[in-house]
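Chemist: This is the structure I want to talk about, given as structure tokens.
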């Protein structure tokens with residue numbers, strides 16, 4: 001997950017458009033969550049194969 005400091009630095013880079021920054025922040029959180037879920041799913045599949 002993005003922490004507050006990452007969010008703030010992203011907001012500074014993109015300018016102070018709060019709405020845009022908030023949308024980007026929410027998108028990034030969702031995107032990162034999906035990536036993390038995919039990685040854990042891959043790990044589970046690999047572990048499952050080894051357990052067989």
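Numbering (our numbering), first residue to last: 1 to 52. Even for Gly, the Cβ is constructed at its ideal location relative to N, Cα and C.
Shorter than 8 Å from the beta carbon of residue 38 to some beta carbon of chain D?
Modeler: The structure shown contains no chain D; it holds only a single protein chain.
Chemist: Where residue 23 and residue 45 are concerned, what is the direct C-alpha to C-alpha distance, given to the nearest angstrom?
Modeler: Working through the chain shown from its first residue, we reach residue 23 at position 23. Working through the chain shown from its first residue, we reach residue 45 at position 45. The straight-line gap from Cα to Cα measures roughly 33 Å.
Chemist: Please report how far the alpha carbon of residue 5 lies from the alpha carbon of residue 30, in whole angstroms.
Modeler: Residue mapping note: residue 5 aligns to position 5 of the chain shown, counting from 1. Residue mapping note: residue 30 aligns to position 30 of the chain shown, counting from 1. Taking the straight line joining both Cα atoms gives about 18 Å.
Chemist: Whole angstroms are fine: how far does the CA of residue 3 sit from the CA of residue 61?
Modeler: There is no way to answer for residue 61, as the model of the chain reaches only from 1 to 52.
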